Amino acid sequence: MATENKNLSEYDKNMVPDAKKFRFGIVVAEWNDTITEGLFDGAFKTLLENEVPSGQIIRWNVPGSFELVYGAKKMLQTQNVDAVIVIGCVIQGQTKHFDFVCEGVTQGIKDLNVQTDVPVIFCVLTDNTMQQSIDRSGGIHGNKGTEAAIAAIKMAYIRQQASLNHQFDNQQLLSSGALQIENLPLELKE
């Protein structure tokens, strides 16, 4: 497994862009809520730890993981967010339902990322057992919600930088990843 020797909650705070001005949406599936609430807690706490004001984090609940795509789509259309995290949990059962739900959600989130300008971060556990999900939602492997929040911050930053890159011709990329913008009117400089 990809998470076997990795703690999903570990990250280098020095490698995380400034997130104070970003707005984040989190769409949470109610199905397997013991797991999804743990994932939400990890994502929410991580955003707060990275100085995102709680008023800039919007949470919506949807019934299950399959509904995450529609919830994310509506959030993108109505909430002026810089990134959306979708949180769900699908556990393998004895029927093909698992395969259909996982495939539909994965393709739906991929489609939103292709069709819209706002990144949608996939935080849907697709495990074989409940124990595997527990281990990845605050258990021995850490919290996939934490990992998703860091990905959301980084992707919101990339979106912001790409927008600046598009807006300004006279710029230079610094080694830190920040843009050095020259010859701007004084009121545009911070």
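Just so you know, the UniProt record's numbering puts 87 at position 87 of the sequence shown, and the rest follows in order with no gaps. The C-beta atom is built at its ideal place from N, Cα and C for all residues, glycine as well. None of these values were measured; they are calculated from a predicted model.
- Rounded to whole angstroms, GLN131 and VAL120 show a C-alpha spacing of 26 Å.
- Taking 8 Å as the cut-off, the Cβ atoms of VAL27 and GLY71 count as close.
- In the DSSP assignment, no residue is bridged to ILE153.
- DSSP places THR106 in no beta strand (DSSP E) but in the uninterrupted alpha helix (DSSP H) bounded by 97-115.
- For SER54, no beta strand (DSSP E) run applies, since DSSP gives it neither H nor E.
- By the C-beta density criterion, LYS13 is exposed, having fewer than 16 other C-beta atoms within 10 angstroms.
- If one requires a minimum length of 4 residues, the alpha helix (DSSP H) runs lying completely within the segment 33-95 are 33-49, 68-78, in chain order.
- Between CYS123 and ALA43, the C-beta gap is smaller than 8 Å, which places the two residues in contact.
- Cβ atoms of GLY38 and ASN143 come within 8 Å of each other, at about 7 Å.
- In this structure THR116 is not in contact with LEU68, their Cβ atoms being roughly 15 Å apart against a cut-off of 8 Å.
- Taking 8 Å as the cut-off, the Cβ atoms of GLY88 and THR146 do not count as close.
- The three-state reading of DSSP puts SER163 in helix, counting H, G and I together.
- Excluding five sequence positions before and after SER54, the CB atoms of its chain that fall closer than 7 Å to its own CB belong to LEU48, given in chain order.
- Collapsing the DSSP output to three states places ASN14 in a helix.
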